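Residue numbers (UniProt numbering): 1 to 576. Virtual Cβ for every residue (Gly too), placed ideally from N, Cα, C. Note that the structure is predicted; figures quoted are calculated from it, not measured. The structure appears below as structure tokens.
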């Protein structure tokens with residue numbers, strides 16, 4: 001009955017810790033503030049209130065009442081990450097947070113949208129590598145939409161820079177924040193919200209911040225529950241019965257892994273799920289009290305470069321209160337080509353996608369492009385997501401994501417693939433000029449077949465091209481030819497040109513004088529048309545007398561004998 005009464009009644013503001021309040025209201029009349037809190041407490045005393053460690057868990061049904069409000073008391077800091085080598089070649093010409101996502105968006109839109117939906121409107125994005133496209137996207141998407149009358153919100157990029165005090169570039173997450181502490185401390189806020197620019201998830205940071213204040217934590221770390229199979233790939237944390245972090249372990253295995261098991265019911269999981277997910281991993285998302293951040297980076301750990309491996313474990317060792325906050329939802333670290341591919345294709349799953357962009361209560365924002373609706377002409381499209389402004393003609397698309405401004409021609413087949421689209425349209429005049437000179441327009445050419453691939457922006461895929469990893473090659477670097485293969489996924493580089501006929505199937509029909517007939521289908525992977533390619537194939541036959549038809553010729557000669565059997569080596573020579 002008590003819980004029912006609490007749910008029915010409106011909540012009184014939860015007072016922030018006195019230390020934080022004094023820092024946030026310098027020079028204010030604290031006695032008056034105490035009187036107001038005393039009155040609020042008297043009202044609250046008439047209502048049943050129960051606080052347990054479960055309150056630190058993320059839940060759609062939980063309520064938030066931040067005092068002061070997040071828009072005035074929290075500064076969001078999004079870390080753009082390093083060079084993004086594991087995402088190469090997608091990061092060849094752009095920063096990792098600027099990589100396109102889900103047909104219409106970019107990775108940076110996820111943390112920025114989470115901030116805006118959580119009423120965190122003061123946002124800095126720290127970048128270092130290839131930041132031109134990221135800067136352009138942020139200025140177009142959020143430059144004029146955050147601030148307004150009595151609203152001091154902003155989304156601003158801070159690039160790595162050299163100064164007399166520090167001649168180095170960013171050396172890590174903590175170092176990046178340290179180099180701009182002089183700017184961050186000018187903001188009259190209570191907490192710094194530290195976020196990553198390459199994660200896919202939807203989270204209400206207000207609940208995260210409220211948990212930080214309610215537990216009077218110095219640092220709060222967002223934690224993801226997981227099973228033993230996944231746990232070995234993450235930095236794990238161990239907590240006490242109040243949800244306070246007492247130990248860290250980086251990618252533990254064996255007995256060390258077993259020792260990191262925790263009772264996740266403490267953070268809000270039910271008993272059944274707690275048995276399935278007995279480990280908690282850091283998500284790389286943190287809330288720092290402002291004064292704590294300044295002290296840690298300037299006094300306690302002035303040479304530390306990384307939050308996850310140095311600053312936060314160090315804060316635990318010196319006795320600071322480092323709290324865990326459970327996030328039990330979809331979250332993906334998009335740090336590799338395979339993770340990026342799976343995250344994008346995951347939005348096509350049915351009946352429920354891994355991550356949905358269709359949440360009205362917490363939308364994902366992006367740059368307004370004012371593109372026309374996509375046009376689909378006599379095409380077979382199943383289990384796919386189509387971005388804005390596409391033109392799709394007489395083709396087949398299955399289980400794929402098609403990015404904005406994509407042009408897909410007649411007869412094309414797209415399977416299990418991600419097409420990022422284009423940055424601009426080519427005019428009919430441009431296309432005519434290309435045709436007259438033997439060029440290839442942006443988009444997917446006629447009768448092309450693409451399977452399990454990522455096609456970056458502005459790629460020109462010719463006619464009759466086949467991009468299929470037939471031999472299941474896991475790793476290959478062919479940058480000069482316009483593509484890479486990582487984890488078996490073919491990635492065509494931005495602005496690449498794949499000539500017509502590349503990867504074409506050629507079928508030869510051969511017959512033999514002893515009435516044995518063989519239809520031989522050869523799949524030839526061509527790098528460029530115009531080359532002469534030699535393909536060898538071992539085959540055993542009763543006779544090597546033959547005649548051939550097809551484009552090219554076959555030569556044969558005996559290489560050995562066996563009882564009742566003559567073995568021949570056939571060399572197929574294709575010439576253009």
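Provide the residue span of the alpha helix (DSSP H) that contains residue 207, from first to last. The residue labelled residue 207 in the question sits at position 207 within the chain shown. Segment 205-214, the alpha helix (DSSP H) holding residue 207.
Between residue 184 and residue 160, what straight-line distance do the alpha-carbon atoms span, to the nearest angstrom? Sequence index remark: in the chain shown, residue 184 carries index 184 (1-based). Sequence index remark: in the chain shown, residue 160 carries index 160 (1-based). Those two C-alpha atoms are separated by around 15 Å.
Any idea if residue 254 is buried or exposed, counting beta-carbon neighbours within 10 angstroms, 16 or more meaning buried? Indexing the chain shown from 1 puts residue 254 at position 254. It counts as exposed.
Among residues of its own chain, excluding the 5 on either side of residue 295, which ones have a beta-carbon nearer than 7 Å to its beta-carbon? On the chain shown, residue 295 is found 295 positions in, with the first residue counted as 1. No residues qualify anywhere along the chain.
Output the distance between the C-alpha atoms of residue 245 and residue 373, rounded to the nearest integer angstrom. What you label residue 245 is simply residue 245 of the chain shown in a count that begins at 1. What you label residue 373 is simply residue 373 of the chain shown in a count that begins at 1. Answer to the nearest angstrom: the Cα atoms are 50 Å apart.
Rounded straight-line distance, which links the Cα of residue 324 to that of residue 199: Along the chain shown, read from residue 1 onward, the residue named residue 199 stands at position 199. Along the chain shown, read from residue 1 onward, the residue named residue 324 stands at position 324. Distance between the alpha carbons of residue 199 and residue 324 is about 19 Å.
DSSP bridge partner residues for residue 392 (one or two, in chain order): By one-based count along the chain shown, residue 392 stands at place 392. 376, 408, per the DSSP bridge assignment.
Would you mind listing the beta strand (DSSP E) stretches within the region 134-173 that are 3+ residues and don't spill past its ends, in chain order? 154-159
Drop a sphere of 10 angstroms on the beta-carbon of residue 494, count the other beta-carbons inside from all chains shown, and report buried for 16 or more, exposed for fewer. By 1-based counting over the chain shown, the position of residue 494 is 494. So residue 494 ends up on the buried side.
Among 367, 383, 483, whose alpha-carbon lies nearest the alpha-carbon of residue 353? Indexing the chain shown from 1 puts residue 353 at position 353. Among 367, 383, 483, the Cα nearest to that of residue 353 is on 383.
Across the region 406-414 and the region 353-367, are there enough close Cβ pairs to call them in contact, namely three or more that are closer than 8 Å? no
Cα-Cα separation between residue 484 and residue 424, rounded to whole angstroms: Here the question's residue 484 lines up with position 484 in the chain shown. Here the question's residue 424 lines up with position 424 in the chain shown. The alpha-carbon atoms of residue 484 and residue 424 are separated by roughly 24 Å.
Of all the options 469, 197, 497, 381, which has the alpha carbon lying nearest to the alpha carbon of residue 123? As a working note, residue 123 is residue 123 in the chain shown. When each option's Cα is compared against that of residue 123, the closest is 197.
Neighbourhood of residue 364 by C-beta distance below 7 Å, restricted to the same chain and skipping five residues each side: Along the chain shown, one-based indexing puts residue 364 at 364. Correct list, in chain order: 105, 109, 110, 113, 357.
Going by Cα to Cα distance, which pick from 191, 227, 202, 238 is closest to residue 217? Walking along the chain shown from the start, residue 217 turns up at place 217. Taking only the C-alpha atoms, the option nearest residue 217 is 191.
Below 7 Å CB to CB, which residues in the same chain sit around residue 394 once its five sequence neighbours on both sides are set aside? Numbered from its first residue, the chain shown carries residue 394 at position 394. Excluding sequence neighbours, residue 394 sits near 377, 378, 379, 410, 411.
For residue 222, list the residues DSSP reports as bridge partners. Start at 1 with the first residue of the chain shown, and residue 222 comes out as number 222. Residue 222 pairs with 325.
Three-way DSSP call (helix, strand, coil) for residue 228 in this model: Taking the chain shown and counting its residues from 1, the one referred to as residue 228 is at position 228. Looking at residue 228 - three-state DSSP - the assignment turns out to be helix.
Suppose you measure from the CA of residue 120 to the CA of residue 399; what does that come to, to the nearest Å? Within the chain shown, the letter at position 120 stands for residue 120. Within the chain shown, the letter at position 399 stands for residue 399. If you take the alpha carbons of residue 120 and residue 399, they lie about 36 Å apart.
At which residues does the alpha helix (DSSP H) containing residue 364 begin and terminate? Numbered from its first residue, the chain shown carries residue 364 at position 364. First-last for residue 364: undefined, no H or E at that position.
Neighbourhood of residue 19 by C-beta, 7 Å cutoff - its chain only, sequence neighbours within 5 removed: Indexing the chain shown from 1 puts residue 19 at position 19. Any reading at residue 19 is ruled out, since the residue's pLDDT is 40, under 50, leaving its predicted position unreliable.
When burial is assigned at 16 or more other CB atoms within 10 Å of the CB, is residue 463 buried or exposed? Position 463 of the chain shown, counted from the first residue, corresponds to residue 463. Residue 463 should be labelled buried.
Distance CB(residue 581)-CB(residue 180) smaller than 7 Å: Any question about residue 581 goes unanswered here, given that the chain covers just 1 to 576.
Residue 313 (DSSP reduced to helix, strand or coil): As a first step, residue 313 is located in the chain shown; it is residue number 313 there, counting from the start. If DSSP states are grouped into helix, strand and coil, residue 313 belongs with the helices.
Indicate whether the contact test is met: 3 or more Cβ pairs, each with one atom in the region 76-91 and one in the region 206-226, closer than 8 Å. no
What does residue 303 pair with, by DSSP beta-bridge criteria? Within the chain shown, numbered from 1, the residue matching residue 303 stands at position 303. Its beta-bridge partners do not exist; DSSP assigns none.
Quick one: give me the first and last residue of the beta strand (DSSP E) that residue 76 is part of. For the purposes of this step, residue 76 is identified with residue 76 of the chain shown, where counting begins at 1. Unbroken beta strand (DSSP E) run through residue 76: 74-79.
To the nearest angstrom, how far is the alpha carbon of residue 469 from that of residue 456? As a working mapping, residue 469 is identified with position 469 in the chain shown. As a working mapping, residue 456 is identified with position 456 in the chain shown. Looking at the two C-alpha atoms, the distance is approximately 17 Å.
Is there contact between the region 336-352 and the region 89-106, where contact requires at least three CB pairs shorter than 8 Å? yes
Between residue 375 and residue 391, is the Cβ-Cβ spacing less than 7 Å? Numbered from 1 along the chain shown, position 375 holds the residue referred to as residue 375. Numbered from 1 along the chain shown, position 391 holds the residue referred to as residue 391. Contact flag set, yes.
Quick check on residue 477: buried or exposed, where buried means 16 or more other Cβ atoms within 10 Å of its Cβ? Residue numbering aside, residue 477 sits at position 477 when the chain shown is read from its first letter. Its Cβ having fewer than 16 others within 10 Å, residue 477 is exposed.
DSSP three-state assignment for residue 127, whether helix, strand or coil: Taking the chain shown and counting its residues from 1, the one referred to as residue 127 is at position 127. Here residue 127 sits in strand by DSSP.
Cα-Cα separation between residue 173 and residue 162, rounded to whole angstroms: Looking up residue 173 in the chain shown gives position 173. Looking up residue 162 in the chain shown gives position 162. Each residue's alpha carbon lies about 16 Å from the other.
Terminal residues of the alpha helix (DSSP H) in which residue 346 lies: Counting from one through the chain shown, the residue named residue 346 turns up at place 346. Segment 337-346, the alpha helix (DSSP H) holding residue 346.
Expressed to the nearest angstrom, what Euclidean distance is found between the alpha-carbon atoms of residue 577 and residue 126? Residue 577 falls outside the range modelled here, since the chain spans only 1 to 576, and no answer is possible.
Quick check: what's the CA-CA separation for residue 205 versus residue 76? Sequence index remark: in the chain shown, residue 205 carries index 205 (1-based). Sequence index remark: in the chain shown, residue 76 carries index 76 (1-based). So the two alpha carbons sit approximately 10 Å from each other.
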